[in-house]
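These notes concern the structure reproduced below.
Here it is, written out as structure tokens:
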């Protein structure tokens, strides 16, 4: 056959590149129950859809070519549930998937095309960071930083950390719209070994940058997974709520049967006493489309819940005070969580729904050291630049500044209240002590009279409605119907459901 | 077996202790209830385990991040 030698040579080269770091390393990972770069791509994408870019890339250093198939990053294009995506899968079996000239070029191409052509990019990350000694000396001169981290949110980025994540893997995780961390992964600026040496004591990976650090403290892990497969499933789930790019509306999904039946449950879930707490996530699940709640940053700043959901098949972003944790008090970390969620939703044309039940902002020296003042105003700055519909629903109490940050006071286009709402500058029982200097334990009769006087100043749902401070007062069981109606009338028809994206260049790692 | 500290997330006072040493709890089960900001705020088990120690009494004042109980898991 003509060109027989060419065909055979091409196949041999292809097989060598596809073999990654070799059968021994692959088997070691199999035995540990961990996927490799190629099996991750296969699991993530629709079968047969992967089109690789840069298969024959290697280290730019000629002597290193044989040892660096695909230069340690498997990149290309494929489909997830029929929608195009770009994918960058770090191949840890090749030089720890360290970053170098060729693989950075491959990665930049996928990212640039995602932005230019309007499809999401998924990072399947595991890397030792930059490759040494390639980067030393002239290697620094070859560095092609360009616009690597100028994040304009033209299309979604989603990241899964599945192993060590230093350098590029960490930078892209923190720049992504969604980052899931598999347990056992470590994300940090420097390795545990380097840090232990610098600090002169042993620092483990978990202590330095394990899943608890990033899910509970830094907030850089939006979700946590027990396995590679679970992490990849979460990526797919996240993307299903979002459009492929900022110029599209999110996809509309069928409404599961039974979605209209949760209303009565709300009254069973809500405690009658204002002193008792509840988990707002249970309330949310009672009124959204069945099984559609996708929580984001579940373990971070828990007194504020954020998550994507669907109502009548359409994606919405929920920001809800959660009394289950710290009584729903608002704090500095909660401001960061709310701000980053507002930015993400507005950038991808997702309407925002606020659910209010909060006693105010946490006060005290630690709150001030955490910069709560600046973070409150960052949140306001972001909220005011939202061009997608905003709806704020007051469930129970809402005191002080938080009332405004959660969308009332003329910010959200629609503000309504359950008949249990109680709004004021502060809890009337605290106000009596501050204004009159009377404590309940010293003179309960006078105290309670003064509390009644404070309440007579009016903060009920009907008092607010009288001055059109809320536009509707609803029975909690009507929540689903109310929200679906508001979303229908407030859909941005003039622009085909697409917002102005004033927040699309907002910093990715909020401060 | 490792000890797990159960910490409070907010300053307040211990209103009701609803478990005792030796009880088995699952993650997010109530261990005790604080009073703070005029609310009854639950202190939840951070992980599955058995209550090894309860370090406070009803009526005690507690501050944010204080360990109020220990679990064994």
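Chains as they are written, first to last, in this note's numbering: chain A, 17 to 527; chain B, 89 to 161.
Think of the CB as a built atom: it goes at the ideal place given N, C-alpha and C, for glycine as much as any other residue.
> Which one of 333(A), 332(A), 104(A), 51(A) has the shortest CA to CA distance from residue 66(A)?
Replying inline: Residue 104(A) is the option with its Cα nearest to residue 66(A).
>> I'd like to know whether the C-beta atoms of residue 212(A) and residue 219(A) end up nearer to each other than 8 Å.
In response: For residue 212(A) and residue 219(A), yes; Cβs fall inside 8 Å.
>> For a test of the three-state rule: what should DSSP assign to residue 448(A), helix, strand or coil?
In response: DSSP, read as helix, strand or coil, puts residue 448(A) in helix.
> DSSP beta-bridge partners for residue 507(A)?
Replying inline: Beta-bridge pairing links residue 507(A) to no other residue.
> In chain order, what residues of the segment 108-132 of chain B put their CB closer than 7 Å to some CB of chain A?
Replying inline: When C-beta distances to chain A are compared with 7 Å, the residues of the segment 108-132 of chain B below that value are 124, 125, 126, 127, 128, 129, 130, in chain order.
>> Taking the straight line between their C-alpha atoms, what separation do you get for residue 488(A) and residue 313(A)?
In response: C-alpha separation (whole angstroms): 31 Å.
>> By DSSP's criteria, residue 161(B) is part of a beta bridge. Which residues make up the other side?
In response: BP columns for residue 161(B) are empty, so no partner.
>> Short of 7 Å Cβ to Cβ, which residues in the segment 89-109 of chain B face chain A?
In response: Listed by position, the residues of the segment 89-109 of chain B near chain A (Cβ gap below 7 Å) are 97, 98.
> Since residue 361(A) is in the beta strand (DSSP E), which residue starts that stretch and which ends it?
Replying inline: For residue 361(A), there is no enclosing beta strand (DSSP E); the enclosing alpha helix (DSSP H) covers residues 348-363.
>> At 3 residues or longer, what runs of the beta strand (DSSP E) sit wholly inside the segment 465-516 of chain A?
In response: Complete beta strand (DSSP E) runs here, min 3: 488-490.
> Residue range of the beta strand (DSSP E) that residue 174(A) falls in?
Replying inline: Counting along the chain, residue 174(A) sits inside the beta strand (DSSP E) bounded by residues 173-182.
> Any C-beta of chain B sitting closer than 8 Å to the C-beta of residue 81(A)?
Replying inline: Not flagged as an interface residue toward chain B: residue 81(A), since no C-beta distance is shorter than 8 Å.
>> Quick check on DSSP: helix, strand or coil for residue 130(B)?
In response: Three-state DSSP puts residue 130(B) in a strand.
> Do you know offhand how far residue 418(A)'s Cα is from residue 483(A)'s?
Replying inline: For residue 418(A) and residue 483(A), the gap between their C-alpha atoms comes out near 20 Å.
> In three-state terms, what does DSSP make of residue 333(A)?
Replying inline: Correct three-state label for residue 333(A): strand.
> Can you tell which of 432(A), 497(A), 460(A) has its C-alpha closest to the C-alpha of residue 485(A)?
Replying inline: The option with the nearest alpha carbon to residue 485(A) is 432(A).
> Can residue 106(A) and residue 143(A) be called in contact, C-beta distance under 8 Å?
Replying inline: Yes, Cβ-Cβ distance for residue 106(A) and residue 143(A) is below 8 Å.
> Would you report the Cα separation of residue 134(B) and residue 232(A), rounded to the nearest angstrom?
Replying inline: Residue 134(B) and residue 232(A) have their alpha carbons spaced roughly 12 Å apart.
> Three or more C-beta pairs closer than 8 Å, one from the segment 131-146 of chain B and one from the segment 97-106 of chain B: is that the case here?
Replying inline: The segment 131-146 of chain B makes contact with the segment 97-106 of chain B: 3 or more CB pairs, one atom from each, lie closer than 8 Å.
> In the DSSP assignment, what are the bridge partners of residue 100(A)?
Replying inline: Residue 100(A) is bridged by DSSP to 95(A).
> Taking DSSP as the reference, what is the three-state secondary structure of residue 214(A)?
Replying inline: Three-state DSSP puts residue 214(A) in a helix.
> residue 89(A) bridges to which residues according to DSSP?
Replying inline: Residue pairing of residue 89(A) in beta bridges, as defined by DSSP: 106(A).
> Along the segment 232-253 of chain A, what residues have a CB closer than 8 Å to any CB found in chain B?
Replying inline: Residues of the segment 232-253 of chain A that bring their beta carbon within less than 8 Å of a beta carbon in chain B are absent altogether.
> Which one or two residues does DSSP pair with residue 413(A) in a beta bridge?
Replying inline: For residue 413(A), which the question treats as bridged, DSSP gives the partners 438(A).
>> Less than 6 Å between C-beta atoms, sequence neighbours within five positions excluded: which residues of the same chain meet that for residue 98(A)?
In response: If you ignore the 5 residues before and after residue 98(A), its C-beta comes within less than 6 Å of no other C-beta in its own chain.
> In the segment 20-52 of chain A, which residue ranges form an unbroken alpha helix (DSSP H) of at least 4 residues, counting only runs that do not cross its ends?
Replying inline: Along the length of the segment 20-52 of chain A, whole alpha helix (DSSP H) runs at least 4 residues long occupy 20-34, 39-47, reported in chain order.
>> Please return the same chain residues whose Cβ sits closer than 8 Å to the Cβ of residue 5(A), not counting the five positions on each side in sequence.
In response: With chain A running from 17 to 527 in the structure shown, residue 5(A) is simply not present.
> Hey, would you say residue 68(A) sits closer than 8 Å to residue 92(A), going by beta carbons?
Replying inline: For residue 68(A) and residue 92(A), yes; Cβs fall inside 8 Å.
>> Below 8 Å on C-beta distance, what does residue 345(A) contact in chain B?
In response: The answer, in chain order, is 98, 125.
> In the structure shown, what three-state DSSP assignment does residue 83(A) receive?
Replying inline: In the structure shown, residue 83(A) adopts helical secondary structure according to DSSP, grouped into three states.
> Mind pulling the chain B residues with CB within less than 8 Å of residue 375(A)?
Replying inline: Residues of chain B passing the Cβ test: 125, 126, 127.
> So is residue 293(A) in contact with chain B if we call contact Cβ pairs under 8 Å?
Replying inline: A Cβ of chain B is located within less than 8 Å of the beta carbon of residue 293(A).
>> Rounding to the nearest angstrom, what Cα-Cα distance links residue 51(A) and residue 45(A) in this structure?
In response: Looking at the two C-alpha atoms, the distance is approximately 7 Å.
>> Counting only Cβ pairs nearer than 8 Å, list the residues of chain B close to residue 417(A).
In response: Those within 8 Å of residue 417(A) in chain B number zero; the least Cβ separation is about 15 Å.
> With DSSP run on the structure shown, which of helix, strand or coil describes residue 155(B)?
Replying inline: DSSP, reduced to helix, strand and coil, places residue 155(B) within a strand of the structure shown.
>> Let me check one thing: in DSSP terms, what residues is residue 197(A) bridge-paired to?
In response: DSSP output for residue 197(A) lists 177(A), 240(A) as bridge partner(s).
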